[in-house]
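First the structure, in the form of structure tokens, and then the observations on it.
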Amino acid sequence: MKVVVLGGGLSPERDVSKKSASLIANALLRKGHEVAVIDLYDGIETDEPCESLYRKGNDNEFSYTIPETEPDLDAIIAAHGGRQEWVGPRVIEMCKTADSVFLGLHGSHGENGQVQAVLDAYGIKYTGCNYLGCAIAMDKALSKALVAGAGIKTAKWITASSDEISVEMVKEQIGIPCVVKPIGCGSSCGVSVVKTEEELKAAIDYASKYKQLILVEQFITGREITIAVLNNHALPIIEIRPHEGFYDYKNKYQSGLTDHICPADLGKYTEEAKRIAEKSFEILRMSSYGRIDYIFDEEKGEFWFIEANNLPGMTNTSLVPEAAAQEGIEYDDLCERIAMSAGRNTI
Numbered sequence: 001m002k003v004v005v006l007g008g009g010l011s012p013e014r015d016v017s018k019k020s021a022s023l024i025a026n027a028l029l030r031k032g033h034e035v036a037v038i039d040l041y042d043g044i045e046t047d048e049p050c051e052s053l054y055r056k057g058n059d060n061e062f063s064y065t066i067p068e069t070e071p072d073l074d075a076i077i078a079a080h081g082g083r084q085e086w087v088g089p090r091v092i093e094m095c096k097t098a099d100s101v102f103l104g105l106h107g108s109h110g111e112n113g114q115v116q117a118v119l120d121a122y123g124i125k126y127t128g129c130n131y132l133g134c135a136i137a138m139d140k141a142l143s144k145a146l147v148a149g150a151g152i153k154t155a156k157w158i159t160a161s162s163d164e165i166s167v168e169m170v171k172e173q174i175g176i177p178c179v180v181k182p183i184g185c186g187s188s189c190g191v192s193v194v195k196t197e198e199e200l201k202a203a204i205d206y207a208s209k210y211k212q213l214i215l216v217e218q219f220i221t222g223r224e225i226t227i228a229v230l231n232n233h234a235l236p237i238i239e240i241r242p243h244e245g246f247y248d249y250k251n252k253y254q255s256g257l258t259d260h261i262c263p264a265d266l267g268k269y270t271e272e273a274k275r276i277a278e279k280s281f282e283i284l285r286m287s288s289y290g291r292i293d294y295i296f297d298e299e300k301g302e303f304w305f306i307e308a309n310n311l312p313g314m315t316n317t318s319l320v321p322e323a324a325a326q327e328g329i330e331y332d333d334l335c336e337r338i339a340m341s342a343g344r345n346t347i
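For the sequence shown, the working numbering gives the first residue as 1, with consecutive numbering after it.
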């Protein structure tokens with residue numbers, strides 16, 4: 001099978017995506033497939049035939065190291081002559097040659113349904129959710145509203161533009177402590193846990209740089225858990241315990257900074273947690289695979305929805321591969337299973 005793995009792109013999660021893409025590609029090479037890794041934004045800047053860009057065999061592995069800080073997207077655009085088009089040269093041409101396009105993208109265009117809609121327009125088979133499921137899940141306010149409407153708990157929240165939001169508004173409507181985040185980013189990009197008024201001003205400034213609506217929600221105390229869902233089936237639960245602070249960009253992608261407890265010990269609440277995750281997955285019109293994050297209030301036995309991830313990370317520190325391994329699905333087999341599911345995500 002010929003597989004194009006799409007990564008990179010113009011997203012704050014560009015580097016995470018490039019790491020995911022390289023590891024996915026290596027897994028598929030080990031399974032005997034022909035693989036090409038293409039950056040969604042960079043595209044293909046040579047005139048080589050598309051067929052020549054596929055690699056075969058274990059001696060042709062890809063590699064990428066995630067820096068500690070988020071990428072400078074303005075600098076990347078400048079390095080490409082100021083090009084604003086987010087689908088790079090010959091990307092679609094390359095994807096048309098593949099049996100499966102494995103979306104190793106994260107954030108922004110990769111997860112909000114735009115790429116999926118473009119591929120649908122060309123009849124190209126791809127992995128993960130369809131464009132509708134992506135658009136719903138990526139919008140943190142919309143996804144919270146939908147799960148809340150189905151009776152699943154989620155923290156009280158407000159959304160506002162960076163021009164409208166203020167410290168006074170947040171203090172009046174949400175209070176402190178709170179969590180501030182852009183409405184459509186992942187990998188904790190732009191996210192701050194706020195405990196003081198001074199931190200709130202800095203958090204609003206930080207979230208504003210992503211040029212999206214800002215979501216502010218009440219801070220819920222409890223254990224942070226995440227539940228991967230594969231083909232509508234919840235995998236073993238993972239509890240996330242950062243050594244310091246919260247599960248931010250650095251703690252997510254630098255090895256040794258966070259403990260993952262899998263399977264998490266939720267006692268008698270384990271099956272309920274899985275049922276809620278499967279229900280959330282269905283409500284948000286997700287398909288193929290994804291991940292749902294919650295806060296577990298152990299004292300009250302309550303689960304609070306945080307957000308959904310429709311193209312979760314596939315790095316060596318990522319959570320979906322870890323949960324799948326607990327179910328007996330090794331990383332290479334998981335990647336192959338997902339690659340072969342391309343085209344089964346139609347509405």
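Ideal placement from N, C-alpha and C gives every residue a C-beta, glycine not left out.
Strictly by DSSP, which residues pair up with residue i?
{"i": "Pro242", "result": "Thr258"}
{"i": "His233", "result": "Leu230"}
{"i": "Ala350", "result": "With the chain running from 1 to 347 in the structure shown, residue 350 is simply not present."}
{"i": "Tyr2", "result": "Per the sequence shown, residue 2 should be read as Lys rather than Tyr. Lys2 is bridged to Glu34."}
{"i": "Ser192", "result": "Val180"}
Measure the C-alpha to C-alpha separation of residue i and residue j and round it to an integer number of angstroms.
{"i": "Lys181", "j": "Val193", "result": "9 Å"}
{"i": "Glu34", "j": "Tyr64", "result": "19 Å"}
{"i": "Glu336", "j": "Val229", "result": "16 Å"}
{"i": "Glu282", "j": "Thr46", "result": "42 Å"}
{"i": "Tyr210", "j": "Cys185", "result": "8 Å"}
{"i": "Asp332", "j": "Cys134", "result": "25 Å"}
{"i": "Gly43", "j": "Gln173", "result": "45 Å"}
{"i": "Thr226", "j": "Glu307", "result": "10 Å"}
{"i": "Tyr41", "j": "Glu299", "result": "47 Å"}
{"i": "Lys2", "j": "Pro49", "result": "15 Å"}
{"i": "Lys125", "j": "Lys153", "result": "35 Å"}
{"i": "Ile176", "j": "Ile183", "result": "19 Å"}
{"i": "Thr315", "j": "Gln218", "result": "30 Å"}
{"i": "Ser386", "j": "Pro312", "result": "The displayed coordinates of the chain run from 1 to 347. Any statement about residue 386 would go beyond what the structure contains."}
{"i": "Ala155", "j": "Ala148", "result": "9 Å"}
{"i": "Ala324", "j": "Ala277", "result": "15 Å"}
{"i": "Tyr54", "j": "Asp297", "result": "48 Å"}
{"i": "Thr159", "j": "Leu213", "result": "6 Å"}
{"i": "Arg30", "j": "Asp99", "result": "17 Å"}
{"i": "Ser108", "j": "Leu10", "result": "8 Å"}
{"i": "Ala36", "j": "Ala79", "result": "23 Å"}
{"i": "His233", "j": "Ser20", "result": "23 Å"}
{"i": "Lys56", "j": "Asp39", "result": "19 Å"}
Indicate the three-state DSSP secondary structure (helix, strand or coil) for residue i in the structure shown.
{"i": "His33", "result": "coil"}
{"i": "Gly110", "result": "helix"}
{"i": "Phe62", "result": "coil"}
{"i": "Lys18", "result": "helix"}
{"i": "Cys178", "result": "strand"}
{"i": "Lys252", "result": "Annotation note: pLDDT 46 at Lys252 (below 50); position unreliable, no value reported."}
{"i": "Asp293", "result": "strand"}
{"i": "Gln173", "result": "helix"}
{"i": "Asp39", "result": "strand"}
{"i": "Phe303", "result": "strand"}
{"i": "Asn309", "result": "strand"}
{"i": "Thr221", "result": "coil"}
{"i": "Lys153", "result": "strand"}
{"i": "Ile165", "result": "coil"}
{"i": "Tyr54", "result": "coil"}
{"i": "Tyr126", "result": "strand"}
{"i": "Gly7", "result": "strand"}
{"i": "Val101", "result": "strand"}
{"i": "Thr270", "result": "helix"}
{"i": "Asn345", "result": "coil"}
{"i": "Glu336", "result": "helix"}
{"i": "Asp74", "result": "helix"}
{"i": "Gly94", "result": "Looking at the sequence shown, residue 94 is not Gly but Met. The answer is helix: DSSP assigns Met94 an H, G or I state."}
{"i": "Arg275", "result": "helix"}
{"i": "Met138", "result": "helix"}
Candidates the options: which alpha carbon is nearest residue i's?
{"i": "Phe303", "options": "Arg337, Leu334, Gly222 and Pro312", "result": "Gly222"}
{"i": "Val216", "options": "Asp265, Cys262, Thr258 and Ile165", "result": "Ile165"}
{"i": "Lys279", "options": "Ile292, Lys268 and Lys31", "result": "Ile292"}
{"i": "Asp139", "options": "Asp259, Glu111 and Pro177", "result": "Glu111"}
{"i": "Lys295", "options": "Glu224, Ala323, Gly343 and Arg275", "result": "The sequence given here places Ile at residue 295; Lys does not occur at that position. Nearest option by C-alpha distance: Glu224."}
{"i": "Leu200", "options": "Thr226, Lys171 and Ala308", "result": "Lys171"}
{"i": "Pro236", "options": "Val115, Gln326, Cys50 and Leu105", "result": "Gln326"}
{"i": "Asp72", "options": "Val16, Ser52, Tyr54 and Pro12", "result": "Pro12"}
{"i": "Glu197", "options": "Glu168, Ala27 and Gly7", "result": "Glu168"}
{"i": "Cys178", "options": "Gly151, Arg344, Ile204 and Ser162", "result": "Ile204"}
{"i": "Ile262", "options": "Asn310, Val320, Ile214 and Glu272", "result": "According to the sequence displayed, residue 262 carries Cys and not Ile. It is Val320."}
{"i": "Tyr122", "options": "Ser52, Leu23, Thr97 and Leu105", "result": "Thr97"}
{"i": "Thr317", "options": "Gly8, Thr258 and Lys18", "result": "Thr258"}
{"i": "Phe305", "options": "Glu322, Leu334, Ala273 and Glu330", "result": "Ala273"}
Looking at residue i and the ligand FMN, is the gap between the Cβ and the nearest heavy atom below 7 Å?
{"i": "Phe102", "result": "Judged by which ligands are present, the structure shown has none, so any question about the ligand FMN falls away."}
With three or more beta-carbon pairs closer than 8 Å as the criterion, would you say the region 283-303 touches the region 128-141?
yes
Review point. Three or more C-beta pairs closer than 8 Å, one from the region 143-162 and one from the region 59-79: is that the case here?
Key: no
Item to check | Cβ contact (3+ pairs, closer than 8 Å) linking the region 201-209 and the region 229-242 | outcome: By the Cβ criterion, the region 201-209 is not in contact with the region 229-242, since fewer than three pairs of Cβ atoms, one from each stretch, lie closer than 8 Å.
* Is the region 114-121 close to the region 261-269, with three or more CB pairs under 8 Å? -> no
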